[in-house]
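**Q**
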Amino acid sequence: MFKVLVIAYYYPPLGLSGVQRTLKFTKYFSQYNWKPTVITTGKSGYFAHDETLLAEAEEAQVEIVRTESLTPSSLLKTKGNVKMPSSFIMKVLGRISKTFFIPDNKILWSRKAAKYARTLLSQQNFDAIFVSAPPFSAIVSIIKLKQKYDIPIFVDYRDS
33 MFKVLVIAYY YPPLGLSGVQ RTLKFTKYFS QYNWKPTVIT TGKSGYFAHD ETLLAEAEEA
93 QVEIVRTESL TPSSLLKTKG NVKMPSSFIM KVLGRISKTF FIPDNKILWS RKAAKYARTL
153 LSQQNFDAIF VSAPPFSAIV SIIKLKQKYD IPIFVDYRDS
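Numbering follows this note's numbering, in which position 54 of the sequence shown is assigned residue number 86; successive positions increment by one, without gaps.
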């Protein structure tokens, strides 16, 4: 069986459509002789949670590794759903985020995920890396691993 390392910030129990796409990839990889290990975010505050999606991943025996990091939503709440801020607050936070977090506000998480991926790659033999974007910082952080480990990278570029 081939092994694929999946880097995906948006993964269950987070909800919404981008999560569904990556979940289905990881769920059905095994039907094509691929065993996924997913590096994703810890249980931080987010606007949508769906524990049934997490149960679906666990039922498919997807190995999930969680990495904590400071993100704007993690400042709001540590678990569960976060109330959607007003449009004015969203606009202000968006401008701050675009000014200080390049290429996106998940850059600190992406760096931490890449560091953990480096550890896994040195301990296990993976045949490929699959990166789900956004966040686009995940792609930037993983490129160095491709160069160091000479491993193919596949990018799932979703609408942002």
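Where a beta carbon is used, it is the ideal one built from N, C-alpha and C, also for glycine.
1. Could you give the distance in angstroms between the alpha-carbon of I71 and the alpha-carbon of I39?
2. Apply the 10 Å Cβ neighbour rule to K182 and answer buried if 16 or more other Cβ atoms are within range, or exposed otherwise.
3. Pull up the distance between the alpha-carbon of K144 and that of E100, whole angstroms please.
4. Between which residues of its own chain and S164 is the CB-CB distance below 6 Å, once the five residues before and five after are set aside?
5. Going by DSSP in three states, S164 sits in which element: helix, strand or coil?
6. Taking the continuous beta strand (DSSP E) assigned at R127, which residues delimit it?
7. Return the CA-CA distance between T151 and K67, expressed in angstroms with no decimal places.
8. Pick out whichever of Q52, F79, P45 and E95 has its Cα sitting closest to the Cα of L37.
9. Label K130 either buried or exposed according to how many other C-beta atoms from any shown protein chain fall within 10 Å of its C-beta, with 16 as the threshold for buried.
10. Which residue comes first and which comes last in the alpha helix (DSSP H) that contains R98?
11. In the structure shown, what three-state DSSP assignment does K2 receive?
12. In its own chain, which residues sit with a C-beta less than 6 Å from the C-beta of G74, not counting the 5 before and 5 after it?
13. Among residues of its own chain, excluding the 5 on either side of N65, which ones have a beta-carbon nearer than 8 Å to its beta-carbon?
14. Leaving out five residues before and five after A149 in sequence, what residues of the same chain have Cβ atoms less than 8 Å from its Cβ?
15. On the DSSP bridge list, what partners appear for I185?
**A** The structure says:
1. As a first step, residue 71 is located in the sequence shown; it is residue number 39 there, counting from the start. As a first step, residue 39 is located in the sequence shown; it is residue number 7 there, counting from the start. For I71 and I39, the distance between alpha carbons rounds to 5 Å.
2. To locate residue 182, count along the sequence shown from 1; it is residue 150. At residue 182 the sequence reads Asp, which differs from the Lys that was named. D182 comes out exposed.
3. Taking the first residue of the sequence shown as 1, we reach residue 144 at position 112. Taking the first residue of the sequence shown as 1, we reach residue 100 at position 68. Distance between the alpha carbons of K144 and E100: 8 Å.
4. Taking the sequence shown and counting its residues from 1, one reaches residue 164 at position 132. So the list reads A40, T54 and D188, once near-sequence residues are dropped.
5. Numbered from its first residue, the sequence shown carries residue 164 at position 132. Strand.
6. Within the sequence shown, the letter at position 95 stands for residue 127. It is not in any beta strand (DSSP E) - R127 instead sits in the alpha helix (DSSP H) that spans S119 to F132.
7. Against the sequence shown, residue 151 aligns to sequence position 119. Against the sequence shown, residue 67 aligns to sequence position 35. Taking the straight line from one Cα to the other gives about 18 Å.
8. On the sequence shown, position 5 is the one that residue 37 refers to. When only C-alpha atoms are compared, the closest one is E95.
9. Locating residue 130 in the sequence shown gives position 98, counting from the first residue. Result: exposed.
10. Numbered from 1 along the sequence shown, position 66 holds the residue referred to as residue 98. Careful: R98 lies outside any alpha helix (DSSP H), inside the beta strand (DSSP E) at E95 to T99.
11. Residue 2 lies beyond the stretch modelled for the chain, which goes from 33 to 192, so this question has no answer here.
12. Along the sequence shown, one-based indexing puts residue 74 at 42. Closer than 6 Å at the Cβ level, and outside the excluded window around G74, lie R98 and E100.
13. Counting from 1 along the sequence shown, the entry for residue 65 is found at position 33. So the list reads M33 and F34, once near-sequence residues are dropped.
14. Position 117 of the sequence shown, counting from 1, holds the residue named residue 149. Closer than 8 Å at the Cβ level, and outside the excluded window around A149, lie L37, I39, I71, I161, I174 and L177.
15. Here residue 185 refers to the residue found at position 153 of the sequence shown. BP columns for I185 point to I161.
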